[in-house]
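Undergrad:
Residue numbers (UniProt numbering): 1 to 595.
1. Quick check on DSSP: helix, strand or coil for residue 540?
2. For a test of the three-state rule: what should DSSP assign to residue 139, helix, strand or coil?
3. Out of 395, 377 and 382, which one is the CA nearest neighbour of residue 408?
4. Starting from residue 388 and walking both ways along the alpha helix (DSSP H), at which residues does that stretch end?
5. What is the DSSP secondary structure of residue 633, counted as helix, strand or coil?
6. Using a beta-carbon distance below 8 Å, is residue 362 in contact with chain D?
7. CA-CA distance, residue 552 and residue 478?
8. Using three-state DSSP, classify residue 527 as helix, strand or coil.
9. How about residue 303 and residue 244: do their beta carbons lie closer than 8 Å?
10. What did DSSP end up calling residue 454 once you bin it into helix, strand or coil?
11. Is there contact here, the segment 215–225 with the segment 141–150, by at least three beta-carbon pairs under 8 Å?
12. Could you tell me which residues DSSP puts in a beta bridge with residue 302?
13. Check whether the Cβ atoms of residue 277 and residue 491 sit closer than 8 Å, and answer yes or no.
14. Under 8 Å by Cβ, that's how I've got residue 189 and residue 271 pegged, so tell me the actual separation to the nearest angstrom.
15. The beta strand (DSSP E) spanning residue 189 covers which residue range?
16. Suppose you measure from the CA of residue 424 to the CA of residue 549; what does that come to, to the nearest Å?
17. Given 8 Å as the limit, is there contact between the segment 571–580 and the segment 323–338, that is, 3 or more CB pairs closer than that?
18. Per the DSSP calculation, residue 492 is bridged to which residue(s)?
19. Just verifying my parser: in three-state terms, what is the DSSP assignment at residue 438?
20. Work out the CA separation of residue 441 and residue 496 for me, nearest whole Å.
21. So the candidates are 540, 500, 581 and 358; which of them puts its Cα closest to the Cα of residue 87?
22. Could you check if residue 428 is buried or exposed, using at least 16 other CB atoms within 10 Å of its CB as the buried criterion?
23. Can you look up residue 402 in the DSSP assignment and give me helix, strand or coil?
24. Following the continuous alpha helix (DSSP H) through residue 371, name the residue where it begins and the one where it ends.
25. Does the pairing of the segment 183–197 with the segment 229–246 give three or more beta-carbon distances under 8 Å?
26. Would you kindly check if the distance between the Cβ of residue 273 and the Cβ of residue 299 is under 8 Å?
27. Quick one: which unbroken beta strand (DSSP E) runs of 3-plus residues sit fully inside the segment 205–281? Chain order, please.
28. What did DSSP end up calling residue 445 once you bin it into helix, strand or coil?
29. Using a Cβ-Cβ cutoff of less than 8 Å, which residues in the same chain neighbour residue 459 once the five nearest sequence positions on both sides are dropped?
30. What does the Cβ neighbour count give for residue 366, buried or exposed, with the cut at 16 atoms within 10 Å?
31. Give the DSSP bridge partners of residue 545, in chain order.
32. Just how far apart, CA to CA, sit residue 157 and residue 443?
33. Please report the distance separating the alpha-carbon of residue 203 from that of residue 287.
34. How many angstroms separate the CA atom of residue 315 from the CA atom of residue 383?
35. Going by Cα to Cα distance, which pick from 504, 212 and 258 is closest to residue 30?
36. Can you give me the Cβ contacts of residue 575 inside the same chain, cut-off strictly under 6 Å, excluding the 5 residues immediately before and after it?
Next comes the structure, spelled out in structure tokens:
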């Protein structure tokens, strides 16, 4: 069975268990710095390598040198694992046919988030047109007006004439009875680290990485536009994607739809803000260390981090780094599924996307096995554990899932190895360190101190983790490894953080304790909301999410798991899924999907 299984993949790890008693990491001791102190200290750190080296060592990166069992392990620099295309894996006739949508969110008496189908129905019945929707949205999203909406902070740029032309073309297609599919006329938006023709790309910084030149639109954005979806702008992100709050002193800090006193999470925080507020039903983000899943968690959305290389990063080469992928955030599972299938169309000109089979809906029986590593799961804060375990009971007793206990090695070392890798791969930011905000001036200065020998040690840790995961997936076919998405329920905003940012590696490490695994090993991971807690200050709710990690190429099974999670949220959770207080009615007519 093992050899047959491996034969179905290219670059599959050698299945090998690595047993190690769990050792919780010691409490981190990184200094928390903000305000004027951060501003002045960042310049000192950027100028003095010996201080950078002290901070590098204080972060614990050097501890990988003491990790047992790595001496005879080869480093693995690329986590890409590709399921070999099988007969019958041809592309479906259409990714945006109405039949592509498996199911709408269950009805539970709660006001629903609008879905792609709601927009589709509105256009089909003539209740409104894509141009009507765009004209309603433009005053909300534009930064280039004197009286900005609070939601404009989530955007970096909106090319108004381009938006109107796309909406007018869609409106004409609907009028002529020739829509391109279910996405025709549906508004969406994308994170600012993707390229779009006619737009600048800042990656959350003050620097324009297009240098004023025309760029080719990223493959996944192009696929949505080819189906008639209307891009309404590019979205705010954490500077360089280098932390998980989306605190951005340059572009502003976007609003959390459930609670304005909490961060949206990052680095795809602008996407989470506009989808969570109902401005668009889906958006495209990127995820190098939880950057789709953390903001989806913090804003009560659905997010998918695909297998490494599954969604084309073109025109940027896939070799830019070994951890980051493109993927969707959406207000419902139906929209997440549809968006994923459009984004994941193989790009024939790009490795490794060209070698993946076309995405298709899951068919036939599905294994329902959930694996939990209890010592790791138990590190979540009590409200997070309570919400996740209650949802898991529903999975087990109502939906027929089997829950088994598993073990995972080198978790403390793995998180350090991931952090070392993503920082070392990100130091080539192509702008002066002094052009960055103070927190990233410190972070990127410290990242330059990683020696090659330690970087290679990190890649050996990657090998061990991937081999152990391969062992688990072969021992338990269809296994989904479940964790809370974050240990904490949200991240409150300290107003003192906003002017210069904040350097709080202790909270960042806590925030990322579970999400890094999928990035570092290349496996897919889905996040969905499972509950809410009240903010201690009474300013709103704080969403809590659960994550499922699947085998390489296993997005289809994870999507089914996400649909089951949506059942829990709407049918099992007392009170159901609430709309956030900051809801924006982008489709002010009653045309919700009757199915």
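Glycine residues also receive a C-beta, built at the ideal position from the N, C-alpha and C atoms.
In this text the structure is predicted, and so the values were computed from the model without any measurement.
TA: Here's the rundown:
1. Taking the first residue of the chain shown as position 1, residue 540 is located at position 540. Coil, per DSSP.
2. Your numbering for residue 139 matches position 139 in the chain shown. Three-state DSSP puts residue 139 in a helix.
3. Position 408 of the chain shown, counted from the first residue, corresponds to residue 408. Closest option to residue 408, Cα to Cα, is 377.
4. Here residue 388 is taken as the residue at index 388 of the chain shown, counted from 1. It spans 382–398 - the alpha helix (DSSP H) in which residue 388 sits, taken as one unbroken run.
5. Because the chain is modelled from 1 through 595, residue 633 falls outside the range shown and cannot be assessed.
6. Chain labels in this structure do not include chain D; a single protein chain is all it has.
7. Mapped onto the chain shown, residue 552 falls at position 552. Mapped onto the chain shown, residue 478 falls at position 478. Between residue 552 and residue 478, the C-alpha separation is close to 11 Å.
8. The count along the chain shown starts at 1 and reaches residue 527 at position 527. Residue state, collapsed to three classes: strand.
9. In the chain shown, residue 303 corresponds to position 303, counting from 1. In the chain shown, residue 244 corresponds to position 244, counting from 1. No, they are not a contact pair.
10. Here the question's residue 454 lines up with position 454 in the chain shown. Of the three classes helix, strand and coil, the one that applies to residue 454 here is helix, per DSSP.
11. The segment 215–225 vs the segment 141–150: no contact.
12. By 1-based counting over the chain shown, the position of residue 302 is 302. Its beta-bridge partners are 330.
13. For the purposes of this step, residue 277 is identified with residue 277 of the chain shown, where counting begins at 1. For the purposes of this step, residue 491 is identified with residue 491 of the chain shown, where counting begins at 1. Not closer than 8 Å, so no.
14. Counting from 1 along the chain shown, the entry for residue 189 is found at position 189. Counting from 1 along the chain shown, the entry for residue 271 is found at position 271. Confirmed, Cβ separation roughly 7 Å.
15. Taking the first residue of the chain shown as 1, we reach residue 189 at position 189. Looking at the DSSP string, the run of the beta strand (DSSP E) that includes residue 189 is 187–191.
16. For the purposes of this step, residue 424 is taken as the residue at position 424 of the chain shown. For the purposes of this step, residue 549 is taken as the residue at position 549 of the chain shown. Between residue 424 and residue 549, the C-alpha separation is close to 25 Å.
17. Fewer than three Cβ pairs drawn from the segment 571–580 and the segment 323–338 lie within less than 8 Å of each other, which leaves the two stretches out of contact.
18. Translated into the one-based positions of the chain shown, residue 492 becomes position 492. For residue 492, which the question treats as bridged, DSSP gives the partners 262.
19. Here residue 438 refers to the residue found at position 438 of the chain shown. Residue 438: helix per DSSP, three-state reduction.
20. Position 496 of the chain shown, counting from 1, holds the residue named residue 496. Position 441 of the chain shown, counting from 1, holds the residue named residue 441. CA-CA distance, residue 496 to residue 441, rounds to 18 Å.
21. As a first step, residue 87 must be located in the chain shown, where it is residue number 87. Per the Cα distances, 358.
22. As a working mapping, residue 428 is identified with position 428 in the chain shown. By the neighbour-count rule (16 or more Cβ atoms within 10 Å), residue 428 is not buried but exposed.
23. Residue 402 sits at position 402 when you count from the first residue of the chain shown. Residue 402: strand per DSSP, three-state reduction.
24. In the chain shown, the residue the question calls residue 371 occupies position 371. That residue, residue 371, is in no alpha helix (DSSP H); its beta strand (DSSP E) goes 369–372.
25. Contact holds: three or more Cβ-Cβ distances are below 8 Å.
26. Within the chain shown, the letter at position 299 stands for residue 299. Within the chain shown, the letter at position 273 stands for residue 273. A contact, by the Cβ cut-off of 8 Å.
27. 230–235
28. Residue 445 sits at position 445 when you count from the first residue of the chain shown. DSSP places residue 445 in helix when its eight states are reduced to three.
29. By 1-based counting over the chain shown, the position of residue 459 is 459. If we look at residue 459 and ignore the five residues flanking it on each side, its Cβ neighbours are 75, 76, 77, 417 and 421.
30. Numbered from 1 along the chain shown, position 366 holds the residue referred to as residue 366. Label assigned to residue 366: exposed.
31. Along the chain shown, read from residue 1 onward, the residue named residue 545 stands at position 545. Answer is 529, bridged to residue 545.
32. Translated into positions along the chain shown, residue 157 becomes position 157. Translated into positions along the chain shown, residue 443 becomes position 443. Distance between the alpha carbons of residue 157 and residue 443: 27 Å.
33. Your numbering for residue 203 matches position 203 in the chain shown. Your numbering for residue 287 matches position 287 in the chain shown. Roughly 13 Å between the two C-alpha positions.
34. Position 315 of the chain shown, counted from the first residue, corresponds to residue 315. Position 383 of the chain shown, counted from the first residue, corresponds to residue 383. One Cα belongs to residue 315, the other to residue 383, and the distance between them is close to 42 Å.
35. Position 30 of the chain shown, counting from 1, holds the residue named residue 30. Checked all of 504, 212 and 258; the closest Cα to residue 30 is 504.
36. Locating residue 575 in the chain shown gives position 575, counting from the first residue. No residues qualify anywhere along the chain.
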